[in-house]
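According to this note's numbering, the stretch in the sequence shown is residues 890 to 1403, in order.
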Amino acid sequence: MTLPWRHLLRTLCLETSFPRMPKKCPSLSLGAFWTSGTKLSLHTKPRMPPCDFTPERYQSLAYSRVLDMHKKHFSPVQTAYFSEPLLLHQGHMEWLFDYQGNRYLDFFSGIVTVSVGHCHPKVNAVAQKQMGCLWHTSALFFHPQIHAYAEKLSALLPEPLKIIFLVNSGSEANDLAMMMARAHSNNMDVISFRGGYHGSSPYTLSLSNVGSYRMTLSSGTGCQSTMCPDVFRGPWGGSHCRDSPVQTVRKCNCAPDCCQAKDQYIEQFKDTLNTSVAKSIAGFFVEPIQGVNGAVQYPKGFLKEAFELVRERGGMCIVDEVQTGFGRLGSHFWGFQTHGVLPDIVTMAKGIANGFPMAAVVTTPEIAKSLGKRLWHFNTFGGSPMACAIGSAVLEVIKEEHLQENSHEVGTYMLLKFAKLRDEFEIIGDVRGKGLLIGIEMVKDKISCQPLPSEEVSQIHEDCKDMGLLIGRGGIFSQTFRIAPSMCISKTDADFAVEVFRSVLIRHMERKAK
């Protein structure tokens, strides 16, 4: 699919070089690491697709000065990728440029946030126009942008999900959603999946069940984790379970319309309801596909049955669309639609405004009324004129440039190509996902499925960067590569990403063999 903005003349093609990587002779003893049929090749770096944008010359702080300032003024917690963190200077659509002018294909989009492309021309123009008109009012006054945006967003959600609360981040949205569920149900207990991530505020930390986000101090009460129905790493699941073009290599006896793994995981969910929470609960938080945990998918039909069980206990069903919404999954605009369910509350952020701070909680009039009886909810910055103007522009770009359809087409194409690499390399345990939310789980071998050691995953990650490809990491052991580019990417971009990943894995296998 050719996006409208790409019809501009492509007279400038920027060919940027990257630090040379040492050449190595192909090893002849790699049978233990590759499956049969893998071909050795010379180390030719995949050719980067052309780009019709030339970045400005970097004229700011020296790299050494940035490192010194970071060490002096910022948290000691290491968050930046790579042994030498990238100092980025400029972005254009799917491309990022560092301070030296090196070009990178961004396949993580600011942690699944830059939905329509870095500095998209239309979004830029709308932001610049609004900046010259009105920045901020607070909720004490009306402005047309917030009402126009609310109408556009509500039109994309089914009845009765029509009441919108605008906030500033995913954590803030999930905080509010948890409060809504408790206010409406008059109950306290909330259930969420192990491996799920719903924010890092003091309130949402108790919902997030990824070890590195858990605190030894008390962060929240009334939250109970339950088994994640992971058909790759969990005890049940196989080759017919996921809503994805790519299934696990583990076989199962399920019929296409009857998933035995789903039934087993539902029994575990029932066990949590019967033993670990009160008879009446406040709600169940769930991501349609787990993001931070590495694009983990559930058996088809699981959420539909789980929602019924939650509602029998008086609970609200809350879907966290922070990473899955706005067409990223391709087949549907919202992740919950892929499961055939209707939630009571939906939270969204990240791609909602292409990187501008914005988030939303959408619910029913009945639930909103219950919150209003308990709390005079107010947000100083939520729904600002700037955020709403940008949010509206993002929705328009998604529609005008058919980005949901592009996510489906290019995402499926890329998933199938990565699945071929799984068949080729013993250390790729699983390839999964839907649309442009993809996980590649690295293992020691396909028999044990033990996570590939962190130092090996880190080296592969670095090598991808050195070849011009930026990808993310996730999973309980940080063993899964996360592929979540802006929805404007092309099949040519996907081809480059797959070729880089294959070249890096060949290099890695040769290192191990030596």
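Just so you know, even glycine gets a beta-carbon here, dropped at the ideal spot from N, CA and C.
{"Item": "Closer than 6 Å by C-beta to residue 1250: which residues in its own chain qualify, once you throw out the five before and the five after it? Chain order, please.", "Value": "1054, 1062, 1065, 1066, 1236"}
{"Item": "Between 1367, 1333, 1388, 1345, which lies nearest to residue 1358 when the distance is taken from Cα to Cα?", "Value": "1388"}
{"Item": "Just mark residue 1238 as buried or exposed, buried being the case when its beta carbon has 16 or more other beta carbons within 10 Å.", "Value": "buried"}
{"Item": "Note the first and the last residue of the continuous beta strand (DSSP E) segment covering residue 1330.", "Value": "1326 to 1331"}
{"Item": "Please name the residue, chosen from 1180, 1226, 1296, that lies closest to residue 1363 on a Cα-to-Cα basis.", "Value": "1180"}
{"Item": "What do you reckon, are the CB atoms on residue 1052 and residue 1342 nearer than 8 Å?", "Value": "no"}
{"Item": "Across the stretch 1260 to 1270 and the stretch 981 to 989, are there enough close Cβ pairs to call them in contact, namely three or more that are closer than 8 Å?", "Value": "no"}
{"Item": "Can you tell me the Cα-Cα spacing of residue 1113 and residue 1332, whole angstroms?", "Value": "29 Å"}
{"Item": "Are the CB atoms of residue 856 and residue 1246 nearer to each other than 8 Å?", "Value": "Only positions 890 to 1403 of the chain appear in this structure, which leaves residue 856 out of reach."}
{"Item": "I believe residue 1329 touches residue 1317 by the beta-carbon criterion, under 8 Å. Please report the beta-carbon distance rounded to the nearest angstrom.", "Value": "6 Å"}
{"Item": "What do you reckon, are the CB atoms on residue 1338 and residue 1390 nearer than 8 Å?", "Value": "no"}
{"Item": "Between the stretch 1038 to 1046 and the stretch 1010 to 1020, do three or more beta carbon pairs fall short of 8 Å?", "Value": "no"}
{"Item": "Output needed for residue 1080: all residues of its chain with C-beta closer than 6 Å, excluding positions within five of it in sequence on either side, in chain order.", "Value": "1113, 1115, 1173"}
{"Item": "Quick test of your reading: residue 1305 and residue 1134, contact by CB under 8 Å. State the CB separation rounded to the nearest angstrom.", "Value": "6 Å"}
{"Item": "If you drop the 5 nearest sequence neighbours on each side, which residues of the same chain put their C-beta closer than 7 Å to that of residue 1252?", "Value": "1050, 1052, 1069, 1233, 1234"}
{"Item": "Since residue 1382 is in the alpha helix (DSSP H), which residue starts that stretch and which ends it?", "Value": "1380 to 1402"}
{"Item": "When you compare each of 1155, 1082, 1307 to residue 1209 by their alpha carbons, which one comes out closest?", "Value": "1082"}
{"Item": "Name the one or two DSSP bridge partners that residue 1144 has.", "Value": "1147"}
{"Item": "Determine the extent of the alpha helix (DSSP H) in which residue 962 is found, giving its start and end residues.", "Value": "952 to 962"}
{"Item": "Pull up the distance between the alpha-carbon of residue 927 and that of residue 1315, whole angstroms please.", "Value": "Note on residue 927: pLDDT 45, under 50, position unreliable in the model; the coordinate value appears next. Between residue 927 and residue 1315, the C-alpha separation is close to 11 Å."}
{"Item": "Once you ignore the five residues that flank residue 1151 on each side, which residues in its own chain have a CB closer than 6 Å to its CB?", "Value": "1188, 1190, 1191"}
{"Item": "Under a Cβ-count criterion, where at least 16 other Cβ atoms within 10 Å of its own Cβ denotes burial, should residue 900 be classed as buried or exposed?", "Value": "Low confidence applies to residue 900: its pLDDT is 33, below 50, so where it sits in the model is not reliable, and the reading given next is rough at best. Classification of residue 900: exposed, given that the 10 Å Cβ count is below 16."}
{"Item": "Between which two residues does the beta strand (DSSP E) containing residue 1321 stretch?", "Value": "1317 to 1323"}
{"Item": "Of the residues 997, 1009, 1175, 1139, which one's Cα is nearest the Cα of residue 1284?", "Value": "1009"}
{"Item": "For residue 1114, report the span of its beta strand (DSSP E) as first-last.", "Value": "1112 to 1115"}
{"Item": "Is residue 1071 near the ligand NAD, with its Cβ less than 7 Å from a heavy atom?", "Value": "Looking for the ligand NAD in the displayed structure turns up nothing, as the structure carries no ligands at all."}
{"Item": "How would you call residue 958, buried or exposed, if buried means at least 16 neighbouring beta carbons within 10 angstroms?", "Value": "exposed"}
{"Item": "Which same chain residues, not among the five before or five after residue 1078, have their C-beta less than 7 Å away from its C-beta?", "Value": "1111, 1113, 1166, 1167, 1170, 1171"}
{"Item": "Tell me the residue span of the beta strand (DSSP E) that contains residue 985.", "Value": "984 to 987"}
{"Item": "Are at least three pairs of beta-carbons, each pair with one atom in the stretch 1392 to 1402 and one in the stretch 1345 to 1352, less than 8 Å apart?", "Value": "yes"}
{"Item": "In whole angstroms, what separates the C-alpha of residue 1286 from that of residue 1161?", "Value": "43 Å"}
{"Item": "Between the Cα of residue 1199 and the Cα atoms of 1158, 1370, 1224, which residue gives the shortest distance?", "Value": "1158"}
{"Item": "When you compare only the Cα positions, how much space is there between residue 1319 and residue 1026?", "Value": "48 Å"}
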